[in-house]
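Asker: For reference, each letter of the sequence shown is one residue, going 1 to 496 in UniProt numbering.
Even glycine gets a Cβ: it sits at the ideal position worked out from N, Cα and C.
Every value quoted in this text rests on a predicted model; they were computed, and no experiment measured them.
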Amino acid sequence: MSEEILINVTPQETRIAYIENGVLQEINIERARSRGMVGNIYQGRVSRVLPGMEAAFVDIGLERAAFLHVSDIELKPEEKETGVESRPRMIYDLLRSGQNLMVQVIKDPLGSKGARLTTEITIPSRYLVYVPNGRNIGVSSRIEDVAERERLKGIMNEFMAESRSDESDAEIGGFILRTAAEGADAKSLRQDFDFLRRLWRGVQDRQLDESGVGLILEDLPIALRALRDVLGGSVEKIRIDSRETYHRAMQFAQEMVPDILPMIEHYPGERPLFDLHSIEQEIASALDRRVPLKSGGYIIIDQTEAMTTIDINTGGYVGSKNLEETIFKTNLEAASAIARQLRLRNLGGIIIIDFIDMIEPEHRQIVHETLKRALENDHARTKVCEVSGLGLVEMTRKRTRESLEHILCEVCPTCGGRGTVKTAETICYEIFREVTREARQYNAKQMLVIAASAVVDRLREEDSTSLAELQEFIGVPLKLQADVHYLPEQYDIVLM
Numbered sequence: 001m002s003e004e005i006l007i008n009v010t011p012q013e014t015r016i017a018y019i020e021n022g023v024l025q026e027i028n029i030e031r032a033r034s035r036g037m038v039g040n041i042y043q044g045r046v047s048r049v050l051p052g053m054e055a056a057f058v059d060i061g062l063e064r065a066a067f068l069h070v071s072d073i074e075l076k077p078e079e080k081e082t083g084v085e086s087r088p089r090m091i092y093d094l095l096r097s098g099q100n101l102m103v104q105v106i107k108d109p110l111g112s113k114g115a116r117l118t119t120e121i122t123i124p125s126r127y128l129v130y131v132p133n134g135r136n137i138g139v140s141s142r143i144e145d146v147a148e149r150e151r152l153k154g155i156m157n158e159f160m161a162e163s164r165s166d167e168s169d170a171e172i173g174g175f176i177l178r179t180a181a182e183g184a185d186a187k188s189l190r191q192d193f194d195f196l197r198r199l200w201r202g203v204q205d206r207q208l209d210e211s212g213v214g215l216i217l218e219d220l221p222i223a224l225r226a227l228r229d230v231l232g233g234s235v236e237k238i239r240i241d242s243r244e245t246y247h248r249a250m251q252f253a254q255e256m257v258p259d260i261l262p263m264i265e266h267y268p269g270e271r272p273l274f275d276l277h278s279i280e281q282e283i284a285s286a287l288d289r290r291v292p293l294k295s296g297g298y299i300i301i302d303q304t305e306a307m308t309t310i311d312i313n314t315g316g317y318v319g320s321k322n323l324e325e326t327i328f329k330t331n332l333e334a335a336s337a338i339a340r341q342l343r344l345r346n347l348g349g350i351i352i353i354d355f356i357d358m359i360e361p362e363h364r365q366i367v368h369e370t371l372k373r374a375l376e377n378d379h380a381r382t383k384v385c386e387v388s389g390l391g392l393v394e395m396t397r398k399r400t401r402e403s404l405e406h407i408l409c410e411v412c413p414t415c416g417g418r419g420t421v422k423t424a425e426t427i428c429y430e431i432f433r434e435v436t437r438e439a440r441q442y443n444a445k446q447m448l449v450i451a452a453s454a455v456v457d458r459l460r461e462e463d464s465t466s467l468a469e470l471q472e473f474i475g476v477p478l479k480l481q482a483d484v485h486y487l488p489e490q491y492d493i494v495l496m
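1. Taking 6 Å as the limit between beta carbons, can you name the residues of its chain near arginine 7, skipping five residues before and five after?
2. Classify asparagine 331 as helix, strand or coil using the three-state DSSP reduction.
3. If we ignore side chains and look at the alpha-carbon of each, how far apart do valine 435 and threonine 420 end up?
4. Within 10 Å of its beta-carbon, does threonine 314 have 16 or more other beta-carbons around it, so buried, or fewer, so exposed?
5. Who are the near neighbours of valine 494 in its chain, counting only those whose CB is closer than 6 Å to its CB and skipping five residues on each side?
6. Using a Cβ-Cβ cut-off of 7 Å (strictly less than) and excluding sequence neighbours within five positions of glutamine 303, which residues of its own chain qualify?
7. Express the C-alpha separation of valine 235 and leucine 110 in angstroms, rounding to a whole number.
8. So does the region 258-265 actually touch the region 49-61, counting three or more Cβ pairs closer than 8 Å?
9. Is the region 334-346 close to the region 373-380, with three or more CB pairs under 8 Å?
10. Quick one: complete alpha helix (DSSP H) runs, 4+ long, within the region 142-202?
11. Below 8 Å between beta carbons: does that hold for aspartate 59 and glutamate 120?
12. Within this structure, are the beta carbons of glutamate 270 and glutamate 324 separated by less than 8 Å?
13. In the DSSP assignment, find the beta strand (DSSP E) that holds arginine 399 and state where it starts and stops.
14. Taking the alpha helix (DSSP H) that valine 476 belongs to, which residues open and close that run?
15. Below 7 Å, is the gap between the Cβ of glutamine 481 and the nearest heavy atom of the ligand GTP?
16. Determine the direct distance from the alpha carbon of serine 285 to that of histidine 277, and round the result to whole angstroms.
17. Please specify which runs of the alpha helix (DSSP H), each continuous and at least 4 residues long, are wholly inside the region 407-478, giving them in chain order.
18. With 16 other CB atoms within 10 Å as the buried threshold, where does glycine 114 fall?
19. Might you give, ordered along the chain, the residues of its own chain that have their beta carbon closer than 7 Å to the beta carbon of proline 268, omitting 5 neighbours on each side?
20. Looking only at its own chain, which residues have a Cβ that is under 6 Å from the Cβ of alanine 339, when we skip the five neighbours before and after it?
21. Ignore the nearest five residues each way along the sequence and tell me which others in valine 9's own chain have a CB closer than 6 Å to its CB.
22. Less than 8 Å between the beta carbons of aspartate 229 and serine 125, yes or no?
23. Determine contact between the region 30-42 and the region 100-107, defined as no fewer than three beta-carbon pairs at a distance below 8 Å.
24. Quick check on this structure: which residue in Ala454, Leu470, Gln25 has the alpha carbon closest to the alpha carbon of valine 484?
25. As a quick exercise: from Ser165, Ile176, Val38, pick the residue whose alpha carbon is nearest that of tyrosine 130.
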């Protein structure tokens with residue numbers, strides 16, 4: 001599998017496209033006015049403890065207070081050794097109002113919700129993740145070779161043993177070897193080890209006094225994060241269309257990830273970088289509810305406040321054998337398409353997939369395995385349940401930032417996010433009821449109805465008889481006025 005990363009930079013926003021085998025798989029967008037906060041470290045102050053929710057609101061200097069759940073409060077190493085973590089933890093035993101603490105953002109603010117916090121600080125580099133409050137060495141589960149895991153742990157143990165001559169285990173902290181560390185030599189790991197230790201000492205030096213709250217360490221810009229997190233040897237090219245960002249990327253790579261230097265290219269072409277793989281068109285398609293399948297079937301994706309629902313339909317695909325085979329092939333194709341759409345749209349939280357009902361248990365199992373296999377390349381953590389008797393698959397995908405739709409779109413001012421508006425007929429009948437109500441309450445000589453053109457046209461045509469009967473019933477003449485600025489459901493009744 002060949003991968004390519006395209007980085008499009010303008011003063012207003014940076015967009016990063018991840019291409020696999022020539023097909024867009026993921027798009028990340030960071031805007032200058034609303035940079036993501038995941039990974040940022042803050043000094044915060046507990047503003048309110050909520051025993052009923054086992055959580056607390058923490059002021060970190062943002063417009064909205066951030067949220068800290070008891071499960072995201074890390075115990076100290078000495079507390080873990082005494083077995084405290086095995087006992088139920090109560091929020092009021094751990095925090096009090098006005099208390100200062102260092103926290104890290106693990107989820108950006110979503111909708112009306114504030115940022116989600118943790119006290120378990122982690123700082124990633126190319127090969128390592130530093131855990132200041134830890135004491136152990138962990139290895140990514142994606143490094144499966146036992147000998148390689150032991151080799152890496154052995155190297156890290158040597159580094160930590162050398163540090164113990166000057167510092168205690170608590171001062172040294174713990175480390176996790178990332179997937180990218182597979183095959184890395186001791187020199188490269190040592191560079192990361194020293195860099196992270198220096199960075200953490202800088203964080204401690206910048207820690208604010210007791211009266212302050214605010215940012216202590218900001219994560220890298222999205223373009224440099226993309227370079228830091230390049231995994232394995234499957235990435236062949238990293239193209240950047242901004243000369244300034246290209247030079248920054250080269251300097252960063254020279255210091256942090258020198259092995260990717262040959263991959264980084266500046267793209268000076270007149271043709272927009274994202275046009276090379278029709279990415280603008282792909283982004284526009286990712287905002288549609290309907291996703292066509294090559295077979296002629298299609299899937300429908302609906303994003304709601306509580307969950308995302310995905311429905312599969314055979315559409316124009318009729319197959320060549322029998323109905324069960326047609327359904328099975330449509331579901332198989334949909335399973336792969338869904339995995340790509342989840343990444344592309346960055347859909348997270350609870351996801352319900354309504355596969356077309358399959359009679360054969362073997363077919364259900366194959367579709368389930370196909371979906372899980374297709375999700376293996378997803379960087380976000382996923383959990384997929386078995387296909388239920390109703391053909392439903394329940395799954396979760398870790399959500400750390402807004403979906404593509406929420407970044408690029410806003411709620412429709414006409415329908416208020418419902419996706420539908422009342423018909424002109426419905427509005428006409430609402431007007432009839434409101435006119436009757438107003439006529440009974442007030443002694444008007446005439447009433448003026450102002451509404452959208454479609455509603456006024458219906459009142460003058462299909463409902464003209466009903467309008468005449470209403471005027472006779474209330475004994476007040478009605479005058480109609482169309483206003484092109486009125487929304488379909490908007491109307492006013494003026495007493496004259």
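Answerer: Concretely, from the data shown:
1. On the sequence shown, position 7 is the one that residue 7 refers to. In the sequence under discussion, the amino acid at residue 7 is isoleucine, which differs from the arginine named in the question. Taken in chain order, the residues that qualify are Ile16, Ala223, Ile240.
2. Mapped onto the sequence shown, residue 331 falls at position 331. In the structure shown, asparagine 331 sits in a helix (DSSP, three-state: H, G or I).
3. Translated into positions along the sequence shown, residue 435 becomes position 435. Translated into positions along the sequence shown, residue 420 becomes position 420. Looking at the two C-alpha atoms, the distance is approximately 25 Å.
4. Locating residue 314 in the sequence shown gives position 314, counting from the first residue. For threonine 314, the number of other beta carbons within 10 angstroms of its own is at least 16, and it is reported as buried.
5. In the sequence shown, counting from the first residue as 1, residue 494 sits at position 494. Only Leu448 meet the Cβ criterion.
6. Your numbering for residue 303 matches position 303 in the sequence shown. Contacts found: Leu347, Ser403, Glu405.
7. In the sequence shown, the residue the question calls residue 110 occupies position 110. In the sequence shown, the residue the question calls residue 235 occupies position 235. Cα to Cα, leucine 110 sits roughly 31 Å from valine 235.
8. no
9. They touch, by the three-pair rule.
10. Along the region 142-202, the alpha helix (DSSP H) occurs as fully enclosed runs of 4 or more residues at 146-163, 169-172, listed in sequence order.
11. In the sequence shown, the residue the question calls residue 59 occupies position 59. In the sequence shown, the residue the question calls residue 120 occupies position 120. Against a cut-off of 8 Å, the Cβ pair of glutamate 120 and aspartate 59 comes out as no contact.
12. Here residue 270 refers to the residue found at position 270 of the sequence shown. Here residue 324 refers to the residue found at position 324 of the sequence shown. Not closer than 8 Å, so no.
13. Along the sequence shown, one-based indexing puts residue 399 at 399. Per DSSP, arginine 399 belongs to no beta strand (DSSP E) and is neither H nor E.
14. The residue given as residue 476 occupies position 476 in the sequence shown. Counting along the chain, valine 476 falls outside any alpha helix (DSSP H), and DSSP gives it neither H nor E.
15. By its list of ligands, the structure shown contains no ligand whatsoever, and the ligand GTP lies outside what it can speak to.
16. Here the question's residue 277 lines up with position 277 in the sequence shown. Here the question's residue 285 lines up with position 285 in the sequence shown. Distance between the alpha carbons of histidine 277 and serine 285 is about 14 Å.
17. 424-441, 453-460, 464-474
18. Start at 1 with the first residue of the sequence shown, and residue 114 comes out as number 114. When all chains shown are included, glycine 114 counts as buried.
19. If you number the sequence shown from 1, residue 268 lands on position 268. Its chain contains no residue whose beta carbon lies nearer than 7 Å to that of proline 268 once the 5 sequence neighbours on both sides are disregarded.
20. To locate residue 339, count along the sequence shown from 1; it is residue 339. Excluding positions up to five away in sequence, the list reads Ala374, Leu375.
21. The residue you call residue 9 lines up with position 9 of the sequence shown. Taken in chain order, the residues that qualify are Ser242, Thr245.
22. Reading the sequence shown from its first residue, position 229 is the one you call residue 229. Reading the sequence shown from its first residue, position 125 is the one you call residue 125. No, they are not a contact pair.
23. Yes, since at least three Cβ pairs between the region 30-42 and the region 100-107 fall closer than 8 Å, the two stretches touch.
24. For the purposes of this step, residue 484 is taken as residue 484 along the sequence shown, with counting starting at 1. The shortest C-alpha separation from valine 484 is found at Ala454.
25. Translated into the one-based positions of the sequence shown, residue 130 becomes position 130. Measuring from the Cα of tyrosine 130, the nearest candidate turns out to be Ile176.
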